[in-house]
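The structure appears below as structure tokens.
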Amino acid sequence: MKRHVKQVLGLSAFAAVCMALGMGLSHGWVARAQEEKPVTVDPKGLDRMPPIAEVAEKLNPTVVAITNTSFVRQRQPGNPFGGGDDFFDFFFGPGGPGHPRVPRGGGDSEQRAVSGGSGVIISPDGEILTNYHVVASMGEPGNALEVKTVDGRTFKGTVLGKDKELDVALVKIDATHLPFAKLGDSDSLKIGEWVVAIGNPLGLEHTVTQGIISAKGRNLDGGVSTFLQTDAAINRGNSGGPLLNLRGEVVGINTAINPAGQNIGFAVPISMVNRILKDLRAGKPVSRGYLGVTPQELDSVFQEALGVKQGVLVGSVERGQPADKAGLQHQDVITSVDGQAVKNPDDLVSAISSRRAGDTVKLGVIRKGKAMTLSVVLGDRKAIEELRRGESGRGEEGESGGTDREGSSTFSLQKAYGFQVGALDPVNRHQFGIAEDRKGVVVVSVDPRSPAADRNLQVGMIITEAAGQPVTSVADFMAAARKATGRPLLLYIQAPQGSQRLTLAIPPR
Numbered sequence: 207m208k209r210h211v212k213q214v215l216g217l218s219a220f221a222a223v224c225m226a227l228g229m230g231l232s233h234g235w236v237a238r239a240q241e242e243k244p245v246t247v248d249p250k251g252l253d254r255m256p257p258i259a260e261v262a263e264k265l266n267p268t269v270v271a272i273t274n275t276s277f278v279r280q281r282q283p284g285n286p287f288g289g290g291d292d293f294f295d296f297f298f299g300p301g302g303p304g305h306p307r308v309p310r311g312g313g314d315s316e317q318r319a320v321s322g323g324s325g326v327i328i329s330p331d332g333e334i335l336t337n338y339h340v341v342a343s344m345g346e347p348g349n350a351l352e353v354k355t356v357d358g359r360t361f362k363g364t365v366l367g368k369d370k371e372l373d374v375a376l377v378k379i380d381a382t383h384l385p386f387a388k389l390g391d392s393d394s395l396k397i398g399e400w401v402v403a404i405g406n407p408l409g410l411e412h413t414v415t416q417g418i419i420s421a422k423g424r425n426l427d428g429g430v431s432t433f434l435q436t437d438a439a440i441n442r443g444n445s446g447g448p449l450l451n452l453r454g455e456v457v458g459i460n461t462a463i464n465p466a467g468q469n470i471g472f473a474v475p476i477s478m479v480n481r482i483l484k485d486l487r488a489g490k491p492v493s494r495g496y497l498g499v500t501p502q503e504l505d506s507v508f509q510e511a512l513g514v515k516q517g518v519l520v521g522s523v524e525r526g527q528p529a530d531k532a533g534l535q536h537q538d539v540i541t542s543v544d545g546q547a548v549k550n551p552d553d554l555v556s557a558i559s560s561r562r563a564g565d566t567v568k569l570g571v572i573r574k575g576k577a578m579t580l581s582v583v584l585g586d587r588k589a590i591e592e593l594r595r596g597e598s599g600r601g602e603e604g605e606s607g608g609t610d611r612e613g614s615s616t617f618s619l620q621k622a623y624g625f626q627v628g629a630l631d632p633v634n635r636h637q638f639g640i641a642e643d644r645k646g647v648v649v650v651s652v653d654p655r656s657p658a659a660d661r662n663l664q665v666g667m668i669i670t671e672a673a674g675q676p677v678t679s680v681a682d683f684m685a686a687a688r689k690a691t692g693r694p695l696l697l698y699i700q701a702p703q704g705s706q707r708l709t710l711a712i713p714p715r
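Residue numbers (this note's numbering): 207 to 715.
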């Protein structure tokens, strides 16, 4: 009897252990299966098409055709196109809507030119948004702007305000009770969201095309504008027409295409237009904020060198400008503007230029691992850039550099980072064309197979700081470089002539 009881208990214990192991393994398999599930989407509304026809029907009456008649001097007799603007030549090809069409032949130096585009009515009393390049020639004697509505009526157009940097303009016609479009929110757009474009491509009035938002934040020319990219078909003549979401709201003003590809179009985000609409209506020059820094990408090398994972590196700070007055320093990392995160230089430029001169912004900054907040009163972008151009060529003040040579130290800068430096002696100043006011050391050679070459360090550049330490001689520089051995070497660079400055991080070999 006892033996039987022991056998039953033993079998029960064995079964319990097996069950426990099975449950554990099962739980592990379930967890692993859950972790390794592919990314899927639970689609909704597949039984119905997007309401593109409804958007087209209701919004078509808000779109107008714009004809710009001007008088230009023919640069080259017999050439049918004006040409000459690299930006619009690239996107539209020579003779696109940014350039007037000049008739062939004729001996007169002045010719009548006609160009066209599109626009969208945004108020019942005839306010129309379009591109700057559609109306750029207005204001000259004899030039005229004609606006044609969907019902065939034509009106004389007057330019209320225009902004070349953003490539937008506000036109007014003398009319009332017009159908008009609502301005939407381009900031909330998602990649892949449906959009509709309406315009007058190649003279084909009120053409409707559809597509999606292909990308956001495209900076095409290094300016203040970051564009929406769409695959909705956009052609010459669409310029100034609306890009609409499926609620019929204007989310962008169609601006440019890249003729080298297919279905690659760009629109100015309406949120950027909204910020300057008040200035356009008042006919005032658009006011844009300005920091006075050189923003740089915080790539993986800078991240390792500075111990910061996200933000925008301050490559240099212009002396006497708003950032300098607020205490911002080169090699600071800006992480936010008024609490809004910035992840790349385009984010920073967009955030600052969307504010007005005189506005105060709060910058989230990380300096040598310490987080802080700096308040900056923004300057005026145009005024400061004009001042900067006038002052180009001025250098920094400082003490005279020494005439030390690299010497025979066991530390080899060439082996460690792939470049060599020399003193700012008369020979090097003459050889590299270095201004007399430059202080520091000069880059005398760069190994083309080195990290230094990969980071665009170039012969003739002046190094004024290394690893956060001021440099006035080769000895100063070598001491700082030795301490950084095995880690990225942070350099503050100045051009041999002019006021350009830059921060570089050179990874070790």
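C-beta: ideal position from N, C-alpha, C; glycine also.
| Query | Result |
| --- | --- |
| Expected contact under 8 Å - CB spacing of SER581 and THR566 to nearest Å | 6 Å |
| 3-residue-minimum beta strand (DSSP E) runs that sit fully inside the segment 610–655, ordered along the chain | 625–629, 647–652 |
| Where the beta strand (DSSP E) through GLY357 begins and ends | Correcting the residue identity first, residue 357 is Asp in this sequence and not Gly. Neither: ASP357 is in no beta strand (DSSP E) and is coded neither H nor E. |
| Supposed contact pair VAL456 and LEU372 - C-beta distance, whole angstroms, cut 8 Å | With 8 Å as the limit, LEU372 and VAL456 do not qualify as a contact, their Cβ atoms being about 15 Å apart. |
| Minimum C-alpha distance to VAL353 - residue among LYS370, GLY367, GLU333 | GLU333 |
| When ILE558, LEU335, LEU384 are compared against ASP357, the one with the closest alpha-carbon | LEU384 |
| N- and C-terminal bounds of the alpha helix (DSSP H) containing LYS512 | Note that residue 512 corresponds to Leu in the displayed sequence, not to Lys. Taken as a continuous stretch (DSSP letters only), the alpha helix (DSSP H) holding LEU512 covers 506–512. |
| Residue closest to LYS744, alpha-carbon to alpha-carbon, out of ILE712, GLY674, GLY517, GLN700 | One cannot answer for residue 744 here, as it falls past the ends of the chain, which runs 207 to 715. |
| VAL407 in three-state terms, based on DSSP | Looking at the sequence provided, one finds Pro at residue 407 rather than Val. Helix. |
| Rounded separation between LEU389 and LEU452 - CA only | 13 Å |
| Backbone CA spacing between GLY639 and ALA690 [nearest angstrom] | 29 Å |
| Pairwise C-alpha distance: VAL543 and GLU605 | Note that GLU605 has pLDDT 31, beneath the 50 cutoff, so the model's placement of it is unreliable and the number below is only indicative. Spanning the two alpha carbons is a distance of roughly 36 Å. |
| Rounded separation between ALA466 and PHE617 - CA only | 51 Å |
| Three-state class that DSSP yields for MET667 in the structure shown | coil |
| Distance between LYS531 and GLY585 (C-alpha atoms, nearest Å) | 11 Å |
| 9 Å Cβ cutoff met for LEU708 and GLY521 | yes |
| Span of the alpha helix (DSSP H), counted from its first residue to its last, around PHE683 | 680–689 |
| Residue environment, GLY489, which counts as buried when at least 16 other CB atoms sit within 10 Å | exposed |
| For MET255, the three-state DSSP class (helix, strand or coil) | coil |
| Minimum C-alpha distance to ASP643 - residue among VAL518, SER651, THR670 | THR670 |
| Secondary structure of GLN282, DSSP reduced to three states | Since pLDDT at GLN282 reaches only 46, below the 50 mark, its modelled position is unreliable, and the value read off the structure follows with that caveat. Looking at GLN282 - three-state DSSP - the assignment turns out to be coil, as it is neither helix nor strand. |
| ALA687 and ALA629 closer than 9 Å at C-beta | no |
| Nearest-angstrom beta carbon gap, PHE683 and VAL652 [assumed within contact, 8 Å] | Between PHE683 and VAL652 the Cβ distance is about 15 Å, and since that is not below 8 Å, they are no contact. |
| Pair within 9 Å by beta-carbon distance, THR436 and GLY471 | yes |
| Which of helix, strand or coil DSSP assigns to PHE296 | Caution applies to PHE296, whose pLDDT of 41 falls short of 50 and renders its modelled position unreliable; the value that the coordinates give is listed next. Helix. |
| Reduced DSSP secondary structure (H/G/I, E/B, other) of TYR496 | strand |
| Selected residue, minimal CA-CA separation from PRO256, among SER343, VAL401, LYS368 | VAL401 |
| Counted within 10 angstroms of its Cβ, other Cβ atoms place THR579 as buried (16 or more) or exposed | exposed |
| Beta-ladder partner(s) of GLN546, from DSSP | VAL543 |
| Buried versus exposed, by CB contacts within 10 Å (16 or more), VAL665 | exposed |
| Buried versus exposed, by CB contacts within 10 Å (16 or more), THR432 | buried |
| For HIS412, the nearest candidate out of GLY323, ASP331, ASP505 (CA to CA) | GLY323 |
| Member of VAL507, HIS536, ASN469 whose CA lies at the smallest distance from the CA of GLY498 | HIS536 |
| Residues bridged to PRO501 [DSSP beta-bridge criterion] | VAL520 |
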